[in-house]
Amino acid sequence: MTARRVKGIAFQGALIGCIAISVLLLGTLLFDVVSDGSGDLDFEFITSFASIDAEQSGIQAALWGTVWLMVVCAGFIVPVGVATAIYLEEYADETKWWNRMIEVNIQNLAAVPSIVYGILGLAFLVRGPISLGPVILAGGLTLGLLVLPVVIVAAREAIRAVPPSIREGSMALGATQWQTVWRQVLPASVPGIATGVILALSRAIGETAPLIVVGAATFIAFNPEGLDSRFTAMPIQIFDWISRPSSELNDYRPLAAAGILLLMLLLVAMNSVAIWLRNRYERRW
Amino acid sequence: MEVTEQQRTEQQKRAGPGVPAPALQGVRRAPHARQKPIFQLDGVTVSYGRKPAVRDVTFDIGENEITALIGPSGCGKSTLIRCLNRMNDLIPTARVDGKLAYHGQDLYASGVDPVEVRKRIGMVFQKPNPFPKSIYDNIAFGPRVLGMKGDMDEIVRRALEQAALWDEVKDRLKTNAYGMSGGQQQRLCIARCLAVEPDVILMDEPCSALDPISTGKIEDLMMDLKRRYSIVIVTHNMQQAARVSDRTAFFTVELDEEEHRSGRVVEFDATETVFTNPADSRTEAYVTGKVG
Amino acid sequence: MIKGLLVCAALISVITTTGIVISLLGETIAFFGDVGVGAYLTGTKWSPLFQPPSFGVLPLVSGTLIISAVAMLVAAPLGLGAAIYLSEYARPRLRRTVKPILELLAGVPTIVFGYFALVFFTPEILRGLFGLDVAVFNGLAAGIIIGFLIVPTVASISEDAMTAVPQALREGAFALGASKLQVTMRVVFPAALSGIVASLVLALSRAVGETMVVVIAAGLVPQWGAKLGEPMETMTAFIAATAKGDVPTGSTEYKTLFAVGTTLFVITLVMNLISIRFVRRYRQVYE
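So the sequence lines, in the order shown, correspond to chains A, B and C. Be aware that the first sequence starts at 0, since it is given in numbering that gives the first Met the number 0, and climbs by one per residue. Be aware that the second sequence starts at 0, since it is given in numbering that gives the first Met the number 0, and climbs by one per residue. Be aware that the third sequence starts at 0, since it is given in numbering that gives the first Met the number 0, and climbs by one per residue.
In structure tokens, the structure reads:
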């Protein structure tokens, strides 16, 4: 075996090693979470409120908080994201500088750290001009702004995938541009848009930092009662359990693990739906 | 198998048009003196998966000659030429059966290192493919990766001179190769190939992406290069084959029992013979332009 | 009319950016009214709540940079190694298996990584397996875990960049007698370099902006000159930790949130602009 062949094989080995280490880490992480948390993840856990007594503590308030937040978030990102995508793909003149600026803007926003969105939410939505207070609506909108670029990008791709011939056919029949978009282009892009929305929500559901800054409470024992209700969310509750000093009497770590496990299961469910949607409705033009 | 001129024509007349005379299945040795063979192909069949792309190729390629492979699209010329430097190894489903010898040694024997093969047998492609580097670094790439010793500046200059490119680029060796015209880029690729000092240069339709003037320059280059190298060229351009090559192999496409297309060599002879007095009617039909 | 509505929607993204900039700038300027810019940018002691308070941001910046550097030392080789293998060596079946795994890694919420860093990585791996003498909260664990978190960013963008290199270039190199290793590292990798650099800059930007892993695992002790095995605080951790408490509008604490937030925003913005510039370049390399 020549030196060259040995080098080639060693190189390939190193590359595989890189993949192996990453996979190993993911595996260890999942194993650790499952083993730490599966003991505590049960019906009681889901239906109890948080409590100082670790035995009694549960994730109910946080779970419902997360659900409410996702509803608000979706309610914001779907119309705004889709409308922005429609504008950019169907109406905007690419040569105009302001349209290009919008595009560059969206690209930049996608890379801003999530905690900065929290600051934005704090300064404008929670306090400042709109002054909603640290409530569900503020939290949901903050998350919405954070993941809006994900929806815009996915919606644009879905709209772009619709072939021009469909539009031309519609316009040739006398339909207006809006009618064409509303009745032909959008329905055809729904699967792609839906996938994008689910991906966006998958990101939003796990976000902790912006919610901390916006003022999510860490110890409440009630489910949200309205958009103007104070709230907690799953990542926040998990964070609280991790940060709390554990003692002999009250070990919060397993609770955190159980919460993480529940969160991951939700994520798996959401992503499975997204993949199913993509496979079922993917149209090949 | 040696067959006289007369016997050939008799066989053809008996067999009728369109049916290949039995003697023409693959082996055609030209009766007059030839150069020493550098490649010897015997029953070479190349398949992708289970589908043969070109079957039963048997002929010799001579040293310091230009051998042209001509024929319609899809007849396996490119597939065959890529066997000569084991480029088909890059395609996982490719399989080569039969014997393919280079200087008497089986190219596909186990233990033969394809990298060594490609050092001696270089290739120029249909579309010029310079690396996104400077002209100098393009030429120097081969010598560097092969660990060739010597003054790199000298090696680069010699390669560019042999490719008739030196005068045009000597003042801008460090500029990006993509700044050159198509014809210049192709000559750069030839120079790049020459820099590693091969024995053989394989050319897969080297001029099909170029304008007539560049084509002419490269054809002149080829005639010059054959003094020191052996050249095998695949070309769609019959006039080109007629102009530059010493020997020509004509390929055709056949449909086999399962409706698969595969290629086969119909005739291999001195170029002049193939073009002015072909033995097979299919060759005649092709070279006179009756079929494409 | 419809178009008008659509434009409004599109403008929301612009308004968001404007909002971010305004909110940050407003309070930051107020902050610099109280605290000098020089003292902020060059001071090495960050203790805004002490009496007398110190507002030197360098401990936070250094914490951010140290942890991000560790993260890149992990993510760059692992991510690039994975990308090279997937792009140049892997069979289609392996690619189909590995790519979803990397996407899975990318989808795990950062708080889960934080948990893992604190509860498993520091005690079992750093202290257990490697026997290192590190504190319970330390920058090394946070850095390494963030590194794994950003591997998918490096891997997927670099892999795209390398796959985009035309096959003709590889063939040309092989035909000259180069080995696969030489073709990969001396032709494909350099040709894809713009995209690869873009992926690294983007990954670095993510590491800089990462909050939960550091909050949970690195401790909240701003210390100029902290060593890797010791606790340290980043800009993001400071913002999170401070905002968690009671922060009356207009107080000094409130203003520090924004000052540090602006510093963070500016750093990541610059990195993202650089990255976009590189992406645009790599897309235009092949004429």
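C-beta atoms are modelled at their ideal positions from N, C-alpha and C, and glycine is treated no differently.
Proximity of residue i and residue j at Cβ, strictly below 8 Å
i: residue 116 of chain C; j: residue 182 of chain C; result: no
i: residue 243 of chain A; j: residue 190 of chain A; result: no
i: residue 182 of chain B; j: residue 209 of chain B; result: yes
i: residue 149 of chain A; j: residue 199 of chain A; result: yes
i: residue 179 of chain A; j: residue 9 of chain C; result: no
i: residue 243 of chain B; j: residue 218 of chain B; result: yes
i: residue 231 of chain C; j: residue 214 of chain C; result: no
i: residue 12 of chain C; j: residue 101 of chain A; result: yes
i: residue 28 of chain A; j: residue 135 of chain A; result: no
i: residue 73 of chain B; j: residue 233 of chain B; result: no
i: residue 15 of chain C; j: residue 108 of chain A; result: yes
i: residue 285 of chain A; j: residue 60 of chain A; result: This structure cannot speak to residue 285 of chain A, because chain A is shown only from 0 to 284.
i: residue 44 of chain B; j: residue 53 of chain B; result: yes
Residue i versus residue j - alpha carbon distance
i: residue 106 of chain B; j: residue 97 of chain B; result: 11 Å
i: residue 140 of chain C; j: residue 177 of chain A; result: 54 Å
i: residue 255 of chain B; j: residue 76 of chain C; result: 52 Å
i: residue 272 of chain A; j: residue 248 of chain B; result: 59 Å
i: residue 278 of chain B; j: residue 224 of chain B; result: 30 Å
i: residue 124 of chain B; j: residue 36 of chain B; result: 24 Å
i: residue 151 of chain C; j: residue 238 of chain C; result: 26 Å
i: residue 176 of chain B; j: residue 259 of chain B; result: 42 Å
i: residue 137 of chain C; j: residue 51 of chain A; result: 28 Å
i: residue 178 of chain B; j: residue 132 of chain B; result: 10 Å
i: residue 209 of chain C; j: residue 31 of chain C; result: 25 Å
i: residue 218 of chain C; j: residue 112 of chain C; result: 15 Å
i: residue 160 of chain A; j: residue 257 of chain B; result: 39 Å
i: residue 208 of chain A; j: residue 118 of chain A; result: 10 Å
i: residue 211 of chain B; j: residue 199 of chain C; result: 46 Å
i: residue 70 of chain B; j: residue 285 of chain B; result: 7 Å
i: residue 87 of chain C; j: residue 24 of chain A; result: 24 Å
i: residue 72 of chain C; j: residue 146 of chain C; result: 7 Å
i: residue 225 of chain C; j: residue 184 of chain A; result: 57 Å
i: residue 30 of chain B; j: residue 276 of chain B; result: In this prediction, residue 30 of chain B scores a pLDDT of 42, lower than 50, which makes its location untrustworthy; no coordinate-derived value is stated.
i: residue 270 of chain A; j: residue 203 of chain A; result: 13 Å
i: residue 22 of chain C; j: residue 258 of chain C; result: 10 Å
i: residue 35 of chain C; j: residue 61 of chain C; result: 20 Å
i: residue 61 of chain B; j: residue 191 of chain B; result: 23 Å
i: residue 287 of chain C; j: residue 158 of chain A; result: As shown, chain C starts at 0 and ends at 286. That puts residue 287 of chain C outside it, with no answer to give.
i: residue 154 of chain C; j: residue 106 of chain C; result: 14 Å
Whole-number beta carbon distance between residue j and residue i, since they are thought to touch under 8 Å
i: residue 250 of chain B; j: residue 265 of chain B; result: 7 Å
i: residue 240 of chain B; j: residue 282 of chain B; result: Not quite, the Cβ-Cβ distance comes to about 12 Å (not below 8 Å), so this is no contact.
i: residue 154 of chain A; j: residue 81 of chain A; result: 5 Å
i: residue 128 of chain B; j: residue 170 of chain C; result: 7 Å
i: residue 260 of chain A; j: residue 36 of chain A; result: 4 Å
i: residue 108 of chain C; j: residue 205 of chain A; result: 3 Å
i: residue 143 of chain A; j: residue 72 of chain A; result: 5 Å
i: residue 287 of chain A; j: residue 80 of chain C; result: Missing from the structure shown is residue 287 of chain A; chain A here goes from 0 to 284 and no further.
Proximal residues of chain F, C-beta to C-beta of residue i below 8 Å
i: residue 264 of chain C; result: The structure shown contains no chain F; its protein chains are A, B and C.
Distance cut-off 7 Å: residue i Cβ against heavy atoms of the ligand NAD
i: residue 240 of chain B; result: This structure does not include the ligand NAD; it has no bound ligands of any sort.
(request) Could you name the residues of the stretch 200-231 of chain B whose beta carbon sits closer than 9 Å to any beta carbon of chain C, in the order they occur along the chain? (result) 201
(request) Using a Cβ-Cβ cut-off of less than 7 Å, list which residues of the stretch 159-177 of chain A approach chain C; keep chain order. (result) 177
(request) Can you give me, in chain order, the residues of the stretch 113-139 of chain B that have a beta carbon less than 7 Å from any beta carbon in chain C? (result) 114, 117, 118, 121, 122, 124, 126, 128, 130 and 131
(message) Counting only Cβ-Cβ distances shorter than 7 Å, please list the residues of the stretch 86-111 of chain B near chain C, keeping chain order.
(response) 86 and 89
(request) Select from the stretch 158-170 of chain C all residues with a C-beta closer than 7 Å to any C-beta belonging to chain B, and list them in chain order. (result) 167, 168 and 170
(request) Report the residues of the stretch 2-14 of chain A with a CB closer than 7 Å to any CB of chain C, ordered along the chain. (result) 3, 6, 7, 10, 11, 13 and 14
(message) Give me the subset of the stretch 122-146 of chain A whose CB atoms are less than 9 Å from a CB atom of chain C, sorted by chain position.
(response) 122, 123, 126, 127 and 144
(request) List in chain order: all unbroken alpha helix (DSSP H) runs of 4+ residues lying wholly within the stretch 26-92 of chain A. (result) 42-46 and 59-85
(request) Kindly provide the ranges of any alpha helix (DSSP H) runs that are 4 or more residues long and lie completely inside the stretch 36-92 of chain B, ordered along the chain. (result) 76-83
(message) Tell me which residues of the stretch 39-57 of chain A have at least one Cβ-Cβ distance to chain C shorter than 9 Å, keeping chain order.
(response) none
(request) List in chain order: all unbroken alpha helix (DSSP H) runs of 4+ residues lying wholly within the stretch 219-265 of chain C. (result) 234-243
(request) Taking a Cβ distance cut-off of 7 Å, strictly less, list which residues of the stretch 226-238 of chain C are near chain A, in chain order. (result) 235 and 238
(request) List in chain order: all unbroken beta strand (DSSP E) runs of 3+ residues lying wholly within the stretch 80-147 of chain C. (result) none
(message) Along the stretch 46-64 of chain C, where does the CB come closer than 9 Å to a CB of chain A? Name the residues.
(response) none
(message) Give me the subset of the stretch 245-279 of chain A whose CB atoms are less than 8 Å from a CB atom of chain C, sorted by chain position.
(response) 252, 255, 256, 259, 262, 263, 266 and 270
(request) Give, in chain order, every residue of the stretch 91-119 of chain C whose Cβ lies closer than 8 Å to some Cβ of chain A. (result) 97, 100, 101, 103, 104, 106, 107, 108, 109, 110, 111, 112, 113, 114, 115, 117, 118 and 119
(request) Anything in the stretch 66-92 of chain C with a Cβ closer than 9 Å to a Cβ of chain B? List those residues in chain order, please. (result) 90
(request) Pull out every residue of the stretch 264-278 of chain C whose Cβ sits closer than 9 Å to any Cβ of chain A, in chain order. (result) 264, 267, 268, 270, 271, 272, 274 and 275
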